[in-house]
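Student: Everything in the sequence shown is counted per the numbering used here, starting at 6 for the first residue and increasing by one. Handing you a structure now.
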Amino acid sequence: MPQTVQGVIARAKGAAVELVEIVVPDPGPGEAVVAVQACGVCHTDLHYREGGINDDFPFLLGHEAAGVVEAVGEGVTDVAPGDFVILNWRAVCGSCRACLKGRPWYCFNTHNATQRMTLTDGTELSPALGIGAFVEKTLVHAGQCTKVDPAAPATAAGLLGCGVMAGFGAAVNTGGVGRGDSVAVIGCGGVGNAAIAGSVLAGASTVIAVDVDDRKLEWAKGFGATHTVNSRERDAVEAIRELTGGFGADVVVEAVGRPETYEQAFYARDLAGTVVLVGVPTPDLKVELPMIEIFGRGGALKSSWYGDCLPSRDFPMLIDLYRQGRFDLDGFVSETIGLGDIEAAFEKMHRGEVLRSVVVL
């Protein structure tokens, strides 16, 4: 039988979120119902509320979540009721051209649930990133459930569902940071600090954090940044070059998604260095660079999709590193809140007061 639960929706562009009753259908073939235990408040949820993704309102917000599988539909074999899982928004299909080339982290046909959750009047909801997890129970494709060690608390594990994985992967998977590399990270929110932590874990010798907020730069030090630059006070490109022997960084991760910070990243990299864009830009933004500079500097300009992760490979690995004390997921949790506190959490995010507010259900 369908279940009626509490969840948080964005009904219209810019409108305050609402806590309402959500109808969750029984799982159909290939689907699973997950009892959500914790879900991070990610900037992407705010993008949805502001109409920055699309206008398919109303949205069921939330996507950075962990919980326990409650029920599965026909044909599901990889997860079972009782499994502790992290929800992912790139459930690889295994058969698209990217998957068939052995690059499933680029999957062009990722799975989502076929059925829709609804309001009690039957209005269909658009789940954020195909998940919708600011809700007591959610319906997803079973491939969006990645089983991990249940010894990890949901407040920490759920963060791998989006922001932390995106930042870690931007540095390690997309940027290929390795032993002895110099790295600069521009933008030190949750994603940027995850890129810093990943760079440190990968063996980078110099990790430079760049932001306009001294509070965020202090957070960056906690995740292992060897140097910090407040770009309100110093020219970021000049400072990064100075800290890397005059050359620029081997890898620069842009975690803001603005033309001016992307330009900083471009000029702050060494010859043949790599720029990784993981900050999410709005559709109207454009960047302009001299083609001779693009040609003359060599190297690579990359975009990072979800940290180019493969959830089945990366989530369990990062949970293992967390449990060994080598990857501080708890450090990203600024506060725990309830479903009714999400609008206030968006305001704290705007003001730069939190790395992550985490909803606990």
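Glycine is no exception: its CB is placed at the ideal position from the N, C-alpha and C atoms.
Find out if the Cβ-Cβ distance for the pair G304, L276 is shorter than 8 Å.
Tutor: Locating residue 304 in the sequence shown gives position 299, where the first residue counts as 1. Locating residue 276 in the sequence shown gives position 271, where the first residue counts as 1. Taking 8 Å as the Cβ cut-off, G304 and L276 qualify as a contacting pair.
Student: Can you find a CB in chain C that lies within less than 8 Å of the CB of S210?
Tutor: Absence of chain C from the displayed structure is noted, only one protein chain being present.
Student: Can you give the beta carbon distance from A200 to G172, rounded, assuming they're within the 8 Å contact cut?
Tutor: Counting from one through the sequence shown, the residue named residue 200 turns up at place 195. Counting from one through the sequence shown, the residue named residue 172 turns up at place 167. Correct: roughly 4 Å between the Cβ atoms.
Student: Taking its Cβ as the centre, do 16 or more other Cβ atoms sit within 10 Å of Q42, making it buried, or is it exposed?
Tutor: Numbered from 1 along the sequence shown, position 37 holds the residue referred to as residue 42. Q42 should be labelled buried.
Student: Look at the alpha carbon of S308 and the alpha carbon of M6, and state the distance between them as a whole number of angstroms.
Tutor: Mapped onto the sequence shown, residue 308 falls at position 303. Mapped onto the sequence shown, residue 6 falls at position 1. Going by the C-alpha atoms only, they are around 43 Å apart.
Student: Can you tell me where the alpha helix (DSSP H) holding H355 begins and where it ends?
Tutor: In the sequence shown, counting from the first residue as 1, residue 355 sits at position 350. H355 -> alpha helix (DSSP H) spans I347 to H355.
Student: Let's see if you can read the secondary structure: which residues bound the alpha helix (DSSP H) around A244?
Tutor: In the sequence shown, residue 244 corresponds to position 239, counting from 1. It spans A241 to L248 - the alpha helix (DSSP H) in which A244 sits, taken as one unbroken run.
Student: For R318, report the span of its alpha helix (DSSP H) as first-last.
Tutor: Counting from one through the sequence shown, the residue named residue 318 turns up at place 313. Here the alpha helix (DSSP H) through R318 covers P316 to R328.
Student: Is there contact between the stretch 89 to 99 and the stretch 128 to 142, where contact requires at least three CB pairs shorter than 8 Å?
Tutor: The stretch 89 to 99, when compared against the stretch 128 to 142, does touch it at the 8 Å Cβ threshold.
Student: Express the C-alpha separation of V90 and V153 in angstroms, rounding to a whole number.
Tutor: Taking the sequence shown and counting its residues from 1, one reaches residue 153 at position 148. Taking the sequence shown and counting its residues from 1, one reaches residue 90 at position 85. The straight-line gap from Cα to Cα measures roughly 6 Å.
Student: From V338, R318, W224 and K291, pick the residue whose C-alpha is nearest to that of G378; which is it?
Tutor: It is not possible to answer for residue 378, since the shown part of the chain is limited to 6 through 366.
Student: Using 8 Å as the cut-off, can you tell me whether the stretch 54 to 73 makes contact with the stretch 175 to 185, which would need three or more C-beta pairs spanning the two stretches below that distance?
Tutor: These segments do not touch.
Student: For N235, which residues does DSSP report across the bridge?
Tutor: Within the sequence shown, the letter at position 230 stands for residue 235. Its beta-bridge partners are D216.
Student: Quick one: using the 10 Å Cβ neighbour count with 16 as the cut-off for buried, is G301 buried or exposed?
Tutor: Here residue 301 refers to the residue found at position 296 when the sequence shown is read from its first residue. The residue is exposed, with fewer than 16 neighbouring Cβ atoms inside 10 Å.
Student: Does Q42 come out as helix, strand or coil in the three-state DSSP assignment?
Tutor: Here residue 42 refers to the residue found at position 37 of the sequence shown. The answer is strand: DSSP assigns Q42 an E or B state.
Student: Rank R246, G33 and K291 by C-alpha distance to the C-alpha of G80 and give the top, closest one.
Tutor: In the sequence shown, residue 80 corresponds to position 75, counting from 1. Of R246, G33 and K291, the residue nearest in Cα terms is G33.
Student: If contact is defined by three or more beta carbon pairs under 8 Å, each pair taking one atom from either stretch, is the stretch 115 to 134 in contact with the stretch 190 to 208?
Tutor: No: fewer than three Cβ pairs fall under 8 Å.
Student: Skipping 5 residues on each side, what residues in its chain have a beta carbon closer than 7 Å to that of Q269?
Tutor: As a working note, residue 269 is residue 264 in the sequence shown. The residues are I191, A241 and V242.
Student: Work out the CA separation of V169 and R361 for me, nearest whole Å.
Tutor: Your numbering for residue 361 matches position 356 in the sequence shown. Your numbering for residue 169 matches position 164 in the sequence shown. Approximately 10 Å, taken between the alpha carbons.
Student: Can you tell me the Cα-Cα spacing of L105 and A37, whole angstroms?
Tutor: The count along the sequence shown starts at 1 and reaches residue 105 at position 100. The count along the sequence shown starts at 1 and reaches residue 37 at position 32. If you take the alpha carbons of L105 and A37, they lie about 26 Å apart.
Student: Which of the three DSSP states, helix, strand or coil, is assigned to R54?
Tutor: For this step, residue 54 is matched to residue 49 along the sequence shown. Residue state, collapsed to three classes: helix.
Student: Please confirm if the stretch 316 to 325 is in contact with the stretch 12 to 19, defined as three or more CB-CB distances below 8 Å between the two stretches.
Tutor: Short answer: they don't touch.
Student: Would you mind working out which of V22, G19, P30 and A21 sits nearest T9, comparing C-alpha positions?
Tutor: Taking the first residue of the sequence shown as position 1, residue 9 is located at position 4. When each option's Cα is compared against that of T9, the closest is P30.
Student: If you run the structure through DSSP and keep just helix, strand and coil, what is D335?
Tutor: Numbered from its first residue, the sequence shown carries residue 335 at position 330. Here D335 sits in helix by DSSP.
Student: Need the endpoints of the beta strand (DSSP E) that S308 sits in, please.
Tutor: For this step, residue 308 is matched to residue 303 along the sequence shown. That run of the beta strand (DSSP E) goes A305 to S308.
Student: Checking the sheet assignment: what are the DSSP bridge partners for A189?
Tutor: Locating residue 189 in the sequence shown gives position 184, counting from the first residue. DSSP output for A189 lists I213 and V257 as bridge partner(s).
Student: Looking at the unbroken beta strand (DSSP E) that takes in V365, where does it start and where does it end?
Tutor: Here residue 365 refers to the residue found at position 360 when the sequence shown is read from its first residue. V365 -> beta strand (DSSP E) spans S362 to V365.
Student: Who are the Cβ neighbours of L164 in its own chain at under 7 Å, not counting the five residues just before and after it?
Tutor: Locating residue 164 in the sequence shown gives position 159, where the first residue counts as 1. Within the same chain, L164 has close Cβ partners G45, E69, L334, F337 and R361.
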